[in-house]
Structure formats: structure tokens, C-alpha cells
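Down below is the structure, laid out as C-alpha cells.
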Amino acid sequence: MLLETRLQHRRSIALPKKKQVVRREWTKNDIKELKAHSKARTPVAKISKATKRTVGALRQKALNLGIGLGHQR
Numbered sequence: 012m013l014l015e016t017r018l019q020h021r022r023s024i025a026l027p028k029k030k031q032v033v034r035r036e037w038t039k040n041d042i043k044e045l046k047a048h049s050k051a052r053t054p055v056a057k058i059s060k061a062t063k064r065t066v067g068a069l070r071q072k073a074l075n076l077g078i079g080l081g082h083q084r
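Heads up, the sequence shown is in the numbering used here, so the first residue is 12 and it goes up one at a time.
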């Protein structure tokens, strides 16, 4: 009986909603900009702020395009 009451109470508590991920398609212009930054050897953090994309998204796209990224070592 007590266990049932606890389960009902847990179900009634509203949990905070998770933030939904909003995906943006890569446009031809975005790809041109990424290639230009790669050629200019711009740090990935700077590209991330300029394009409003995550570092991971930039690295993944660069890998798929076969271009280098993150030359600051």
C-alpha cells in the first residue's frame, strides 16, 4: 500500500522538460565558409562562435568533407 502511494506521488511530480535539439541544415554558403576558415587555419572555437554551431558539428562536417580543421597545435 505504501509503495503504491509513493509510485503515484512520483508520477504526479512534474519533471523539467528536456531542451529540444534544433537541427540546422548545412547550406552551400555554410560549407564555403567552413572551407575558407579551414584554409585560413582559423581556430575551431572562433569558427564555432562565428557560425553558431558546436565544435563537434564543425569537426564532423569537416571530416565528412575531407578537409582539415583545428590546426592550432
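All residues carry an ideal CB built from backbone N, CA and C; glycine is no exception.
| Check | Outcome |
| --- | --- |
| Under a three-way DSSP split, which group does Thr62 fall into? | helix |
| Going by beta carbon distance, what residues of the same chain come within less than 6 Å of Val66, once the five residues before and after it are set aside? | Val55, Ser59 |
| Looking only at its own chain, which residues have a Cβ that is under 7 Å from the Cβ of Thr16, when we skip the five neighbours before and after it? | none |
| So the candidates are Arg21, Pro27, Arg22, Lys50; which of them puts its Cα closest to the Cα of Gly77? | Lys50 |
| How about Gly81 and Arg64: do their beta carbons lie closer than 8 Å? | no |
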